[in-house]
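Trainee: Before I ask anything, let me first share the structure, which is written out below as structure tokens.
See the structure below:
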């Protein structure tokens, strides 16, 4: 017997809502991890009878775990191309005196990680991105630890068992994100970025891709080149702010954090970021 139905029931019997997702991809059709039900995560249930019927219909389906309905917020760390969201996120936590492994962490089949936190009760709307290659899963879902894809690859917990995770979710006892992280991921009241979609990043169109590329360049800068690279990137971002493509607060936070992760001191990263933003916004004559 496939173990995905048993794991789905483990979640449901503890009161954790789940739903079935595709365990494989098809050419021109559904992709692995996409919902098997018509309403996706909105069909999720903790009713054991519903879950039993769902997995009797799709016995090899992997387990979709909605975040907000289960009072969770998850950092989705990826590695792709030149971007290393795993290494960069661990570095980000370390710079703030925190340890990502203080909460439940699961490995994904594509060499990424899920850091699973309890959602703070006073947390409002959130951004879709933390730093390059790190998504914030809030109004979304992840593939639950314990799930096994059709090719045999698993979503594995690295610091505990599935039973322990299920118990912690049900008891609402997972750690909350540290306060500095809550501040970074929270949208301001009124959402001055103007983005309407709850699944979008705080940028419109291809703006996130452009910012993502600039931040990646900063993160890859060599010693001796980091300050100049950050200033150059900040100039380009300042131009985007001037064109009303990007909120200045978000731009500054992203640049400063990238500078810190790249190896600059907090003072250097802040001073260089604001200098470049001013130059990009006002032009070289007035920027410095």
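In the numbering used here, the protein residues as written are 11 to 298. Every residue gets a Cβ at the ideal spot worked out from N, C-alpha and C, and that includes glycine.
How should residue 27 be labelled, buried or exposed, when 16 other C-beta atoms within 10 angstroms of its C-beta is the threshold for buried?
Mentor: The residue in question, residue 27, is buried, as its Cβ has 16 or more Cβ neighbours within 10 Å.
Trainee: Tell me, which residues are paired with residue 136 by DSSP?
Mentor: Its beta-bridge partners are 196.
Trainee: Would you say the stretch 149-167 touches the stretch 29-41, given that touching needs at least three Cβ pairs under 8 angstroms?
Mentor: These segments touch.
Trainee: Rounded to the nearest angstrom, what separates residue 245 and residue 219 at their Cα positions?
Mentor: Residue 245 and residue 219: Cα-Cα distance of roughly 16 angstroms.
Trainee: What is the rounded straight-line gap between the Cα of residue 134 and the Cα of residue 180?
Mentor: Cα to Cα, the separation comes out at about 22 angstroms.
Trainee: Since residue 169 and residue 81 should fall inside the 8 angstroms C-beta cutoff, what is the C-beta to C-beta distance between them, to a whole number of angstroms?
Mentor: Going by Cβ atoms, the distance from residue 169 to residue 81 rounds to 20 angstroms, so no, they are not a contact pair.
Trainee: Taking three-plus beta-carbon pairs below 8 angstroms as touching, is the stretch 60-76 in contact with the stretch 171-178?
Mentor: Flag = no, the stretch 60-76 and the stretch 171-178 do not touch.
Trainee: Expressed to the nearest angstrom, what Euclidean distance is found between the alpha-carbon atoms of residue 142 and residue 284?
Mentor: C-alpha separation (whole angstroms): 20 angstroms.
Trainee: To the nearest angstrom, how far is it from the Cα of residue 288 to the Cα of residue 272?
Mentor: Their Cα atoms are separated by approximately 21 angstroms.
Trainee: Could you spell out the range, first to last residue, of the beta strand (DSSP E) harbouring residue 30?
Mentor: Here the beta strand (DSSP E) through residue 30 covers 29-31.
Trainee: If you draw a straight line from the C-alpha of residue 108 to the C-alpha of residue 275, how long is it?
Mentor: Taking the straight line joining both Cα atoms gives about 17 angstroms.
Trainee: Could you name the residues that DSSP lists as bridge partners for residue 293?
Mentor: DSSP, once it has assigned bridges, lists no residue as partnering residue 293.
Trainee: What number of angstroms, rounded off, separates the C-alpha of residue 102 from the C-alpha of residue 67?
Mentor: Going from the Cα of residue 102 to the Cα of residue 67 covers about 43 angstroms.
Trainee: Taking the alpha carbon of residue 112 as the reference point, which residue from 224, 279, 124 has its own alpha carbon closest?
Mentor: Ranking the options by Cα distance to residue 112, first place goes to 124.
Trainee: So residue 251 is in the alpha helix (DSSP H); what residue range does that whole segment cover?
Mentor: Looking at the DSSP string, the run of the alpha helix (DSSP H) that includes residue 251 is 236-252.
Trainee: Who are the Cβ neighbours of residue 19 in its own chain at under 8 angstroms, not counting the five residues just before and after it?
Mentor: These residues qualify, in order along the chain: 58, 61, 62, 65.
Trainee: When we look at the beta-carbon of residue 16 and count the other beta-carbons within 10 Å, is it buried (16 or more) or exposed?
Mentor: With fewer than 16 Cβ atoms within 10 Å of its Cβ, residue 16 is classed as exposed.
Trainee: To the nearest angstrom, how far is the alpha carbon of residue 293 from that of residue 269?
Mentor: Distance between the alpha carbons of residue 293 and residue 269: 22 angstroms.
Trainee: Could you round the C-beta distance between residue 240 and residue 279 to whole angstroms and report it? I think they count as a contact, below 8 angstroms.
Mentor: Contact holds; Cβ gap of about 7 angstroms.
Trainee: Which residue comes first and which comes last in the beta strand (DSSP E) that contains residue 128?
Mentor: Looking at the DSSP string, the run of the beta strand (DSSP E) that includes residue 128 is 123-128.
Trainee: Which runs of the beta strand (DSSP E), 3 residues or longer, sit entirely within the stretch 21-95?
Mentor: The qualifying runs are 29-31, 72-76, 82-87.
Trainee: Within a Cβ cutoff of 7 angstroms, which residues of the same chain sit near residue 228, ignoring the five residues on either side of it in sequence?
Mentor: The answer, listed in chain order, is 239, 240, 243, 268, 269, 272.
Trainee: Return the residue from the list 221, 83, 122 that minimises the CA-CA distance to residue 100.
Mentor: If we check each option's Cα against that of residue 100, 122 comes out closest.
Trainee: Keeping to the same chain, check which residues put their C-beta closer than 6 angstroms to that of residue 164; ignore five residues upstream and five downstream.
Mentor: Within the same chain, residue 164 has close Cβ partners 158.
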